[in-house]
Structures are given as structure tokens and as C-alpha cells.
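Have a look at the structure below, then the notes.
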Amino acid sequence: MKIKNLNVYNDKVNASVNNEYPTGDNSFRQPCLHMIVGQRTSGKSYLTSKILAQAKKEQTFDVIYIVTPSFNSNKAYFGKYISEQNVFEPTKSSIGEVIKKVEEDRDEWEQYLQDLELYKKFKNDIKNKHFSLIDGDSLIEYMNRGFFEKRPTWKYKNEEPPKSMLILDDCLGSEAILQSSGLTRIATLNRHIGPLKENYKERSACGLAVIILSQSYKMNNGISRVLRENLSLLTLFKNKQEKQMESIREELANVVDEELFNKAYNYATKEKYGNLTVDFKPKTLCRTFRKNLNEAIIFDELPCECNKK
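For the sequence shown, my numbering begins at 4 and goes up steadily by one.
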């Protein structure tokens with residue numbers, strides 16, 4: 004066999020844009036596409052509330068939306084993190100309405116950047132010109148925008164493109180799943196929702212993290228295979244239906260080692276409310292499997308890059 008280098012495809016490209024939200028070293032990458040599967044009363048809502056609590060601590064999201072018919076029943080889990088104005092009933096347009104809100108936030112962000120540019124011009128005019136020399140129309144605009152009183156402020160705490168999450172809860176069989184074009188969109192493009200006119204640091208879009216709570220991994224009129232195959236995270240509670248487990252193993256076969264998955268699943272779910280999360284895009288391979296979100300299940304077959312021990 005001989006090897007010959009070809010003088011083609013050599014130009015470097017910008018690989019810095021990844022649309023990720025800042026997260027702690029031990030937290031999952033965001034914006035995620037996360038499916039949480041467990042039978043009723045298995046603990047899905049409680050687990051989700053733990054994710055939201057950590058996200059609040061790290062200021063991962065500016066706004067969280069939820070599509071659900073049962074928000075009042077789950078206020079104990081979600082009420083601290085989700086404003087009621089961001090709660091939607093599951094209809095065929097509800098996911099699209101959330102995407103529209105993300106895009107409206109994007110528009111406000113880009114308007115804010117324009118306001119900042121105008122404010123810089125205002126500061127420069129004030130510094131270098133006498134009031135009488137400033138164009139009359141510009142002076143009126145400066146006054147109308149309140150530039151003499153304060154600098155423009157962004158509506159969220161962190162001055163960056165908005166970071167959003169959508170939770171779909173108790174939506175299987177509803178129009179939000181069966182008739183929504185928005186669900187197909189977030190299945191493949193959730194990290195690219197709300198594209199920006201200009202990149203901001205490592206981001207080219209606002210993005211939309213998505214968590215789907217489901218009683219079944221695979222069912223008629225359930226979550227599509229396209230969405231399942233694009234998951235970045237999958238959390239499983241104990242499932243006694245072997246056909247469901249066979250479907251899960253089949254679809255994960257090209258992504259994770261089946262033997263390691265079985266070992267991790269059996270260990271993580273042997274206790275009541277125990278659950279296994281499979282991270283398909285871990286920050287380090289040894290954290291591919293987790294029990295109850297915060298216990299890494301480490302196998303020698305998956306190299307640990309987080310430390311040298």
C-alpha cells in the first residue's frame with residue numbers, strides 16, 4: 004500500500020461556533036435534546052426539577068417554557084422555575100408558539116445591539132461636539148431613547164443572546180405531538196433555533212434546549228424515530244417491558260456498547276426511582292453513563308480524560 008498526499012481540502016475553517024450555552028464541568032451540554040422515559044409515578048417530574056434547580060444555580064437559561072395539560076398538578080416541581088405566562092396547553096400550534104417566542108427574544112437582542120451602537124455614537128457626539136453642533140434629528144432620537152439618563156440595558160441578567168428551554172410533559176397522543184410541524188423542527192434543529200444575523204462569540208443562534216417526558220420510549224403516535232436518533236441525552240427508569248428494552252438496545256447499538264449499556268442500566272435502575280442517563284455527547288467519555296444524574300458509572304473501556312488518576 005502506498006500513501007500520497009493530495010493538495011486539496013487544506014483550508015482551515017472556523018470550528019469555534021458550536022452554539023453551546025456555558026455549563027459547569029459536571030453538567031450536561033446545553034442546549035440539549037433530552038428524552039426522559041419512565042412509567043407514571045416513576046419520578047420523571049422530580050428528576051426534571053433537579054435539572055432545573057441546577058440550571059438555575061448555574062444561570063444556564065434565561066427563560067423556560069412548558070407544554071403540558073397538567074401544570075397545576077406539577078407546580079411543586081416546576082412552579083419555582085417556570086412563569087405561568089410561559090405555560091402552553093398541548094395543541095398543534097403550541098411548539099410553534101414557543102419557537103416564535105424564542106425568535107421574538109432574538110429580535111429584541113438584535114435590536115439591543117443596534118441600540119448599543121447608537122449609544123456609542125451618542126457618547127462620541129457628546130464627548131466631541133457641543134450640543135448646538137449635533138444634528139437635530141439625532142438629538143431628538145437620543146432624548147427619546149433616554150440616552151441622557153442611562154445606557155441601554157438587556158432584559159435578562161446575562162448580556163448575551165437569550166438561552167431558552169422547552170419542556171414537553173404529558174403530551175403523548177396530543178396534537179402537540181401528532182400534528183405539530185414544530186416538533187419535527189426541534190428534532191433536528193433545536194441548537195439552531197433563532198439564528199442570529201451575526202455570530203456572538205461561539206454562538207450563531209439562540210438555540211432551544213428540549214426535555215421530553217414520556218411514559219414510553221416507542222409507541223404508535225409517539226415520539227418519532229427521527230427525534231429519538233437525534234437525542235443528546237436519554238434517561239431511563241426501570242422498564243419491565245422487554246420489547247421496549249429491545250427497541251432501545253437496537254437504536255442505541257450504533258452509539259454505545261450494548262454490554263456496557265446493560266451493565267449500567269441494571270446497576271442504575273436496581274433501586275426504586277433509580278434511573279440511568281446516557282449522554283451521547285459527554286464532555287468526557289467516562290461520563291457517558293450516569294445514575295440519578297450525579298453518579299458517574301465509569302468503565303475501563305471508556306477513557307477518563309477529566310483527570311490522570
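The beta-carbon is built from N, C-alpha and C at its ideal position, and this holds for glycine as well.
Quick one: what does DSSP say D172 is sitting in, helix, strand or coil?
-> Indexing the sequence shown from 1 puts residue 172 at position 169. In this structure, D172 counts as strand in the three-state DSSP scheme.
Between which two residues does the beta strand (DSSP E) carrying N278 extend?
-> By one-based count along the sequence shown, residue 278 stands at place 275. In this chain, the beta strand (DSSP E) harbouring N278 covers N278 to D282.
Would you call K294 buried or exposed, if buried means 16 or more other Cβ atoms sit within 10 Å of its Cβ?
-> As a first step, residue 294 is located in the sequence shown; it is residue number 291 there, counting from the start. Per the 10 Å Cβ criterion, buried.
Have a look at D138 and G149 and give me their C-alpha separation to the nearest angstrom.
-> Against the sequence shown, residue 138 aligns to sequence position 135. Against the sequence shown, residue 149 aligns to sequence position 146. Between the alpha carbons of D138 and G149 lies a distance of about 17 angstroms.
Per DSSP, what kind of secondary structure is M38 in: helix, strand or coil?
-> Working through the sequence shown from its first residue, we reach residue 38 at position 35. Three-state result, M38: strand.
For the beta strand (DSSP E) holding K254, just list the boundary residues, first then last.
-> For the purposes of this step, residue 254 is taken as residue 251 along the sequence shown, with counting starting at 1. Checking the displayed sequence, the identity of residue 254 turns out to be Glu instead of Lys. Per DSSP, E254 is not a residue of any beta strand (DSSP E); the alpha helix (DSSP H) it occupies stretches across E245 to L255.
Does the distance from the CB of S73 to the CB of D140 come in under 8 angstroms?
-> Position 70 of the sequence shown, counting from 1, holds the residue named residue 73. Position 137 of the sequence shown, counting from 1, holds the residue named residue 140. Not closer than 8 angstroms, so no.
Status (buried if at least 16 other CB within 10 Å, exposed otherwise) for L175 = Indexing the sequence shown from 1 puts residue 175 at position 172. Looking at its Cβ environment, which holds 16 or more other Cβ atoms inside 10 Å, L175 is buried.
Using 10 angstroms around the beta-carbon of T291, count the other beta-carbons present and answer buried if the total reaches 16, otherwise exposed.
-> Locating residue 291 in the sequence shown gives position 288, where the first residue counts as 1. By the Cβ-count criterion, T291 is buried, with 16 or more other Cβ atoms from all chains shown falling within 10 Å of its own Cβ.
Reduced DSSP category for R154 - H, G, I as helix; E, B as strand; rest coil = Position 151 of the sequence shown, counted from the first residue, corresponds to residue 154. In the structure shown, R154 adopts coil according to DSSP, grouped into three states.
Determine the closest residue to P25 out of C307, K286, E304 and A299, with distance taken between C-alpha atoms.
-> By one-based count along the sequence shown, residue 25 stands at place 22. Measuring from the Cα of P25, the nearest candidate turns out to be K286.
Assigned exposure category for P306 - 16 Cβ within 10 Å defines buried = On the sequence shown, residue 306 is found 303 positions in, with the first residue counted as 1. That one is exposed.
Out of S30, N29, K5 and M38, point me to the one whose CA is closest to R231's CA.
-> By 1-based counting over the sequence shown, the position of residue 231 is 228. For R231, the closest of S30, N29, K5 and M38 by C-alpha to C-alpha distance is M38.
Assign K275 to one of three DSSP states: helix, strand, or coil.
-> Indexing the sequence shown from 1 puts residue 275 at position 272. In the structure shown, K275 sits in coil (DSSP, three-state: anything other than H, G, I, E or B).
When we look at the beta-carbon of D108 and count the other beta-carbons within 10 Å, is it buried (16 or more) or exposed?
-> Taking the first residue of the sequence shown as position 1, residue 108 is located at position 105. With 16 or more other Cβ atoms within 10 Å, it is buried.
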